[in-house]
Amino acid sequence: MPNPPDSTNFSELFQKSSKKLNSEKFYDALNNVSPDLSKYQAECKNINVRSHHDQMAKICEKYLSYLESCEALNNKNFSYDVSKLMNYWLYDKITNIYT
């Protein structure tokens, strides 16, 4: 099992990814599990969902981590739409939980 990254900073995780495609780097950074996500637990524990609260809270933590650092990421001139990739990632994670 790989060691967890030492940061939740999305830009850092993106840059450290060993993947070649930007979309793969994006998903790789989002899928990394880090102990730093605990700083988002207070906000995410109050999400209102009917079931699978723990799984949805983890998605919430990763999403908030991304939002905190996406400003720096979006200021760069990437050749793809980061918001579309985020939507695909969220759709995939939520669909896998509720199907």
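Numbering (UniProt numbering), first residue to last: 1 to 99.
Note that the Cβ used here is the ideal one computed from N, Cα and C, for glycine as well.
Looking at C-beta atoms only, is the number of pairs between the segment 15–23 and the segment 46–62 that lie closer than 8 angstroms three or more?
no
Can you give me the C-alpha to C-alpha distance between Y66 and I47, rounded to a whole angstrom?
17 angstroms
How many whole angstroms separate the CB atoms of L64 and Y40, which I take to be in contact at a CB cut-off of 8 angstroms?
4 angstroms
Any idea if N32 is buried or exposed, counting beta-carbon neighbours within 10 angstroms, 16 or more meaning buried?
buried
If you draw a straight line from the C-alpha of C70 to the C-alpha of H53, how long is it?
25 angstroms
Output the residue ranges of the alpha helix (DSSP H) runs that lie fully inside the segment 17–53 and measure 4 residues or longer, sorted by chain position.
22–31 and 41–44
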